Amino acid sequence: MDKIKTGLAAFGMSGQIFHAPFISTNPAFCLTAITERSKELSKERYPSARIVRSFDELIAMDELELIVVNTPDSTHYDYARRALEAGKNVIVEKPFTATVRQGEELIALARSKGLALSVYQNRRWDSDFLTVKEILDKGVLGRLVEFESTFPRYRNFIKPGTWKETGEMGGGLTYNLGAHVIDQAVQLFGVPEAIFADIDIIRTGGLVDDYFVIHLLRPSKAPHVKVTLKSSYLMCEPEPRFVLHGTEGSFVKYGLDRQEADLNEGLMPGTANWGVEDESIWGLLHTEKDGNIVRHKYPSLAGNYAGFYDNIHRHLRLSEPLQTDAAGVLPVIRLIEAAWESSKEGKVVKFGK
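Residue 98 in my numbering sits at position 3 of the sequence shown, and the numbers go up by one each step.
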């Protein structure tokens with residue numbers, strides 16, 4: 096089959112870490128063009144990719160089949176729309192859009208043109224999340240009653256001059272990491288009936304939200320499960336990444352998936368033991384059933400961000416379902432909007448399905 100010729104809309108951290116390595120190492124893809132407005136940082140590692148100087152130049156390339164919109168949050172809607180109008184399949188970095196209305200418009204446009212529109216929810220392929228899914232699928236905790244997902248960060252300063260800190264082009268923790276933890280929870284438990292949230296700015300001099308606690312109430316697939324999602328930029332001593340309690344036991348997991356750290360160190364996908372966690376940070380499984388007490392580390396499954404692009408390939412070439420189809424991710428944006436409403440009004444917000 097012909098390779099999927101792909102263009103990157105930017106070569107900042109997202110392009111360098113989360114996209115170019117996986118596109119370039121997947122034999123089904125060809126990293127054909129990279130947008131760099133003035134620099135040529137990509138030339139050393141990806142010499143065969145053409146460097147273009149603008150998004151307009153990128154989407155005007157007839158040979159490109161797929162565009163990755165990995166630019167600042169506030170540009171996602173406009174750039175995705177322009178790429179779709181140019182006849183390109185599109186991957187949009189999270190958060191998908193700033194508003195539900197923008198998301199609905201893009202989804203309708205993609206459908207009218209028969210094009211794929213995907214959102215880069217790569218943390219569905221995190222090691223810890225895949226392990227949590229396995230534990231739930233096996234039912235080893237009995238009936239789950241409580242689920243906590245915390246994404247810890249520690250940055251007790253304001254990094255000057257970055258759009259994620261100024262809020263001028265998007266940013267803020269709820270749209271950033273919130274888009275991941277909400278998406279994971281919806282994947283596990285479905286869309287909630289209502290939401291209650293506390294979103295705030297807790298760092299001195301902060302301009303964007305850097306703290307949230309979100310409760311998803313009565314999720315559709317498991318209305319009895321109490322779901323709490325949390326993140327903060329002031330967590331010097333991390334809390335567990337996941338805490339699960341059930342009628343027959345608990346699972347507690349510390350640490351973060353290693354793939355981002357390895358990519359930052361210059362490692363490429365496909366290297367030996369890619370995504371494999373060290374045993375020292377495996378989660379603790381503690382169950383008590385029929386008088387039998389089990390308490391031991393539970394082996395983590397390997398993380399695999401390459402699975403995202405594998406699915407893109409199978410969708411475009413083999414017509415398999417798109418796991419990260421924008422229509423399926425749109426509830427995440429609905430929930431973020433509802434979380435902001437809940438926090439501002441100090442009330443439970445019912446979630447319209």
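Ideal Cβ positions, reconstructed from N, Cα and C, are used throughout, including at glycine.
From a predicted model like this one, the values you see are computed outputs, not experimental measurements.
message: For His310 and Glu200, what's the separation of their Cα atoms in angstroms?
response: Distance between the alpha carbons of His310 and Glu200: 28 Å.
query: What are the residues that DSSP puts in a beta bridge with Val389?
result: According to DSSP, Val389 bridges with Thr382.
query: What's the gap between the Cα of His261 and the Cα of Leu312?
result: The sequence given here has Thr at residue 261, not His. So the alpha carbons of these two residues sit roughly 32 Å apart.
- prompt: To the nearest whole angstrom, what separates the beta carbons of Gly341 and Val240, a pair I think is in contact under 8 Å?
  reply: 6 Å
query: Does the separation of the CB atoms of Pro314 and Val286 fall below 8 Å?
result: yes
task: Let me know the secondary structure DSSP gives Ala292 once reduced to three states.
output: Ala292: strand per DSSP, three-state reduction.
query: In this structure, does DSSP put Glu229 in helix, strand or coil?
result: helix
query: DSSP on Thr130, reduced to helix/strand/coil?
result: strand
- prompt: Exposed or buried, Ile118, counting other C-beta atoms within 10 Å across all chains shown (16 or more means buried)?
  reply: buried
message: Is it the case that the stretch 207 to 214 contacts the stretch 409 to 419, given that we only count it when at least three CB pairs across the two stretches are under 8 Å?
response: The way I'd put it, the stretch 409 to 419 does touch the stretch 207 to 214; three or more beta-carbon pairs between them come closer than 8 Å.
field: Own chain partners of Arg145 with C-beta closer than 6 Å, once the 5 adjacent residues on each side are dropped
entry: Ala128
- request: Identify every residue that forms a DSSP beta bridge with Pro341.
  value: Per the sequence presented here, residue 341 reads as Gly, with Pro not at that position. Bridge partners of Gly341: Leu239 and Gly344.
- request: Pull up the distance between the alpha-carbon of Leu329 and that of Leu236, whole angstroms please.
  value: 31 Å
task: Compute the beta-carbon to beta-carbon distance between Asn399 and Trp220, rounded to the nearest angstrom, for a pair I have assumed lies under 8 Å.
output: 5 Å
- prompt: Rounded to a whole number of angstroms, what is the C-alpha to C-alpha distance between Lys228 and Gln279?
  reply: 10 Å
task: Could you tell me if Tyr172 is buried or exposed, where buried requires 16 or more neighbouring beta carbons within 10 angstroms of its beta carbon?
output: Burial call: buried.
query: Between the Cα of Ala274 and the Cα atoms of Lys254, Lys321 and Arg218, which residue gives the shortest distance?
result: Arg218
message: Helix, strand or coil, according to DSSP, for Leu210 in the structure here?
response: coil
field: Exposure label - Arg412; buried when at least 16 CB within 10 Å
entry: exposed
message: Please identify the residue among Ala205, Glu158 and His381 whose C-alpha is closest to the C-alpha of Ala422.
response: Ala205
task: Tell whether a beta-carbon distance below 8 Å holds between Glu160 and Ile99.
output: Yes.
task: Pick out whichever of Ser345, Asp385, Asp352 and Leu430 has its Cα sitting closest to the Cα of Phe191.
output: Leu430
- prompt: Do you know whose CA, among Asn406, Glu432, Val443 and Ala433, lies nearest Asn121's CA?
  reply: Asn406
task: Would you grab the beta carbon distance between Lys392 and Glu343 for me? Rounded to a whole angstrom, and I think it's under 8 Å.
output: Actually they are not in contact, since the Cβ atoms of Lys392 and Glu343 sit about 18 Å apart, beyond 8 Å.
field: Whole-number beta carbon distance between Ile202 and Lys183, since they are thought to touch under 8 Å
entry: Not quite, the Cβ-Cβ distance comes to about 15 Å (not below 8 Å), so this is no contact.
task: Determine the extent of the alpha helix (DSSP H) in which Ser119 is found, giving its start and end residues.
output: Counting along the chain, Ser119 sits inside the alpha helix (DSSP H) bounded by residues Ala115 to Ser119.
query: Is Asn271 buried or exposed, if buried means 16 or more other CB atoms sit within 10 Å of its CB?
result: Taking all protein chains shown into account, Asn271 has 16 or more neighbouring C-beta atoms within 10 Å of its C-beta and is therefore buried.
query: CB-CB under 8 Å to Lys254, same chain, minus the five flanking residues each way: which ones, in chain order?
result: Glu260
query: By Cβ distance, which residues of its chain are closer than 8 Å to Met264, with the 5 residues on each side in sequence left out?
result: Pro167, Asp168, Ser169, Thr170 and Trp258
query: Which one of Glu334, Cys125 and Asn368 has the shortest CA to CA distance from Ser395?
result: Asn368
message: Please report the straight-line C-alpha distance between Asn251 and Ala356, rounded to a whole angstrom.
response: 20 Å
message: Runs of 3 residues minimum, wholly inside the stretch 167 to 218: which ones carry the beta strand (DSSP E) assignment?
response: 184 to 188 and 212 to 215
message: Once DSSP output is grouped into helix, strand and coil, what is the label at Lys98?
response: In the structure shown, Lys98 adopts coil according to DSSP, grouped into three states.
- prompt: Rounded to a whole number of angstroms, what is the C-alpha to C-alpha distance between Glu188 and Gly370?
  reply: 21 Å
- request: Label Leu375 either buried or exposed according to how many other C-beta atoms from any shown protein chain fall within 10 Å of its C-beta, with 16 as the threshold for buried.
  value: Per the sequence shown, residue 375 should be read as Ser rather than Leu. So Ser375 counts as exposed.
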